[in-house]
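Position one of the sequence shown corresponds to residue 179 (our numbering), numbered consecutively onward. We put the beta carbon where it would ideally sit given N, CA and C, even for glycine. Let me begin by presenting the structure, written as C-alpha cells, before commenting on it.
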Amino acid sequence: MKSGGQLVVDALECFGTERVFCVPGESYLPVLDALHDSDIATTVCRQEGGAAIMAEAWGKLTGEPGVCLVTRGPGAANASAGVHIASQDSTPMILLVGQIATGRRHREMFQEVDYQQFFGGMAKWVAEIESAERVPEMMSRAWHVATSGRPGPVVLALPEDTLQQVSDVTPLNVAVDSLSQTEIWPGADQLARLKTMIEQAEQPLVIVGGSRWTAEAVAQFTTFAERFGLPVACSFRRQMLFDHTHGHYVGDIGLGINPKLKARVQSSDLLLLVGARFSEIPSQDFELLNVPQPQCALVHVYPDAEELGKLYLPTLAINASPTALCSDLIKLNPTGEHNRADDINTLHQQYIEWSSLEHALPSTATMQTVMAHIIKTVPTDSILCNGAGNYASWVHRFYPFQQFGTQLAPTSGSMGYGLPAAIAAKLAHPDKTVLAFAGDGCFQMTMQEFGTAVEFGAAVIVLVIDNGMYGTIRMHQEQNFPGRVSATDLFSPDFAALAKSYGAFGATVENGQAFPVAFSAAIESRGPALLHIKVDPDALTPTLSLASMH
Numbered sequence: 179m180k181s182g183g184q185l186v187v188d189a190l191e192c193f194g195t196e197r198v199f200c201v202p203g204e205s206y207l208p209v210l211d212a213l214h215d216s217d218i219a220t221t222v223c224r225q226e227g228g229a230a231i232m233a234e235a236w237g238k239l240t241g242e243p244g245v246c247l248v249t250r251g252p253g254a255a256n257a258s259a260g261v262h263i264a265s266q267d268s269t270p271m272i273l274l275v276g277q278i279a280t281g282r283r284h285r286e287m288f289q290e291v292d293y294q295q296f297f298g299g300m301a302k303w304v305a306e307i308e309s310a311e312r313v314p315e316m317m318s319r320a321w322h323v324a325t326s327g328r329p330g331p332v333v334l335a336l337p338e339d340t341l342q343q344v345s346d347v348t349p350l351n352v353a354v355d356s357l358s359q360t361e362i363w364p365g366a367d368q369l370a371r372l373k374t375m376i377e378q379a380e381q382p383l384v385i386v387g388g389s390r391w392t393a394e395a396v397a398q399f400t401t402f403a404e405r406f407g408l409p410v411a412c413s414f415r416r417q418m419l420f421d422h423t424h425g426h427y428v429g430d431i432g433l434g435i436n437p438k439l440k441a442r443v444q445s446s447d448l449l450l451l452v453g454a455r456f457s458e459i460p461s462q463d464f465e466l467l468n469v470p471q472p473q474c475a476l477v478h479v480y481p482d483a484e485e486l487g488k489l490y491l492p493t494l495a496i497n498a499s500p501t502a503l504c505s506d507l508i509k510l511n512p513t514g515e516h517n518r519a520d521d522i523n524t525l526h527q528q529y530i531e532w533s534s535l536e537h538a539l540p541s542t543a544t545m546q547t548v549m550a551h552i553i554k555t556v557p558t559d560s561i562l563c564n565g566a567g568n569y570a571s572w573v574h575r576f577y578p579f580q581q582f583g584t585q586l587a588p589t590s591g592s593m594g595y596g597l598p599a600a601i602a603a604k605l606a607h608p609d610k611t612v613l614a615f616a617g618d619g620c621f622q623m624t625m626q627e628f629g630t631a632v633e634f635g636a637a638v639i640v641l642v643i644d645n646g647m648y649g650t651i652r653m654h655q656e657q658n659f660p661g662r663v664s665a666t667d668l669f670s671p672d673f674a675a676l677a678k679s680y681g682a683f684g685a686t687v688e689n690g691q692a693f694p695v696a697f698s699a700a701i702e703s704r705g706p707a708l709l710h711i712k713v714d715p716d717a718l719t720p721t722l723s724l725a726s727m728h
C-alpha cells in the first residue's frame, strides 16, 4: 500500500527524473515527504515563476520533461510564466500543482482555482487526479503527452485527499529506455521528392529551429547541407542548431535580422523549414512569407501534423521530428555536383560582416569590450542564457554559437528568464561555463533566485547590463510617442552589493577596460558571481542611439 504522494514520486523515478524544482506548499506535503527518501534531487526556489522557468530550461536542455512542483492558487499563478514559455518554445515540461480536496470544490475554498480553465489555453493537457489508484496512469500519460509530437507543458492538479489516500495499485515501474519519445518518420517518397526539389532549386535556403533536436541530429544535418550545397540559417533564439563558424552558416532570422539575409529569404526559390513554426518574430511580423500561399516553394518539416498548413501552405509537408528526419537525410547522396559554392560563400561572408563588433556605436564601447572578451575567452561548450530586452541583441548578433546545447533563450520573449535558466543549466552541467545575460529590468524580475544559485552551489556568472531603463519599451515609446517618457525609467539597487550579501562574488564594471579583470575574478571565485555592468543609456541597441530618435 502506498500513498498518492508516494505514487507520484515513484512515477517520477520511473521516468528517470534527476531533479525537480519547487516552492514548497502545504497542499502537496505527501509528495515532499516521499521526495525525502528519493534519489531525485530537489531544488528549492524562491518564487514559483523562477521554479517553472528552471524546469522549462531543464526540459529545453535535456529533451526530457522538466518537473516543477508548486502549491495551489497563487503558487500556480506565479508558475504560469514558465508554462507559457514551455508552450511557445515547444518544451517538454510537467507542472504538478497542489489542490484542495476533491469533496470541497466549487465553494471558493482557500486558494481554489479551476486549473483546466486557467491553464487550458497554454498547456497541452490539464487534468486533476481524483484518486490515488489513478496516479500511475495519469503520470504516465503526462510524460507521453509532454514529449510527443510538438512537445509542451502538461499540468496535473494533485488534490490533498488524493495524495493522502493509500492504494494497492501497482506503482509505475517500467524501464526508462521504454519511455522514449514517440518518433515520427518521413516517408521514402517524401525524401525522394525533397531531394529532387533541392537539386532543381537555384537559390535554396534552409531555416532550422524548434525543439526535438540532438547533437547527433545537428551533426547529421550539417553533413547533409554540405553534400547538397545548402545555406543554413537559424530561427529566432535557436542559434545553437548550426555552427556559426561553418562556411554554410548564413545568420539568424529573428529580431534585428541582417537586411541582406532578409532579402535572400524573399528571393529564394526553395525554402526548407525544419522543426520551426516560423511564427511572428522570425517571419518579421508575417511579412517574409506570404500567408497563406508562400511566394516560393516551401518544404515544411514538423513533428505535429496540426501545424503543417496551419499558417503556410507547403509545397511539400513532412510530418517528422528533426531527429528522425536527420537520421534519414544522412543516407541521401546527391545525383550530381551542385554549383552553389559561390552563393553560399557570399551569404556566409555577409553574416561575418553583419556580426562584426565594428558596426556598434561608439557609445557601446563597454559592451563591445565585454562581448569581444567573452568571444575570445569562454570555451565553445559554454552555455549562454538570456531573457528579453535589447541587451540580448549583443548575444544574438555577435556571439558565434558553435555547439548544440549552448543556448537557453525564450522565443516567447519572457523577461526574467536568464538567471533561472542558467541555474538549471549549471545544475545539469556543473563542469561547463554558464553565463546569464540580463538587463537591469529583466534581472529584477527573478533576481531572488540568485539565492537559489548560492544555496545549491550553481556557479553561474550573471552579467547585469544596467542602462537605468526598460530599454526595449523606451525604444518603442520614442518611436511612437517621441519625447514623452512615461513609466520606462528604472531605479535599481547596487547589484554587486546584492551578490555580496548572499556571500557570493560581486563586482561593478564602470567601463570596458575593467571587464576582463572582473570576469577573470568571477571565474576564479568558483561560485555564483555577478558583474554589474553599467552602460550608456543613450545606446538603446548596438546600432541605435536614443539621441538619434529625437
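Secondary structure of THR624 (DSSP, three-state): coil. A residue is called buried once 16 or more other Cβ atoms fall within 10 Å of its Cβ, and ARG704, having fewer, is exposed.
Scanning the segment 457–520 from its first residue to its last, the whole beta strand (DSSP E) runs of 3-plus residues come out as 475–480 and 494–497. Residue pairing from DSSP places GLN277 in a beta bridge opposite PRO337.
Take SER590, set aside five residues on each side of it, and the residues of its chain with a beta-carbon closer than 8 Å to its own are HIS262, ILE263, SER265, GLN266 and ASP267, in chain order. Given a length threshold of 4 residues, each whole run of the alpha helix (DSSP H) inside the segment 546–628 is given here in chain order: 571–576, 596–606 and 618–621. Residue PRO720 holds the alpha-carbon nearest to the alpha-carbon of ALA543 among LEU383, PRO720 and VAL222.
In the displayed model, PHE697 falls within a helix according to three-state DSSP. In this structure ARG390 touches PRO481 by the C-beta definition: roughly 6 Å separates them, less than 8 Å. In the DSSP assignment, HIS214 falls outside any beta strand (DSSP E) and lies within the alpha helix (DSSP H) extending over 207–214. Within the model, the alpha-carbon separation for SER345 versus ALA310 is close to 6 Å. Look at ASP367 here: in three-state DSSP terms it is helix. Rounded to whole angstroms, GLY596 and MET179 show a C-alpha spacing of 43 Å.
Closest option to GLY432, judged by alpha-carbon separation, among ALA570, PRO660, LYS712 and PRO557: ALA570.
Just so you know, the alpha carbons of MET623 and HIS710 end up roughly 16 Å apart.
For ARG197, DSSP records a beta bridge to ALA219. Spanning the alpha carbons of GLU290 and GLN657 requires a straight line of approximately 43 Å. For secondary structure counted as the alpha helix (DSSP H) over 4 or more consecutive residues, the segment 647–691 holds these complete runs in sequence order: 649–658 and 673–679.
Between GLU308 and GLY182, the alpha-carbon positions lie close to 10 Å from each other.
For LEU372, the three-state secondary structure derived from DSSP is helix.
By the 16-neighbour rule on beta-carbons within 10 angstroms, GLY684 is buried.
Between ILE218 and THR249, the C-beta gap is not smaller than 8 Å, which leaves the two residues out of contact.
Looking only at LEU451, GLN381 and LEU357, the smallest Cα-Cα distance to PHE399 is reached by LEU451.
As DSSP reads the structure, LEU641 sits in a beta bridge with PHE615 and LEU709.
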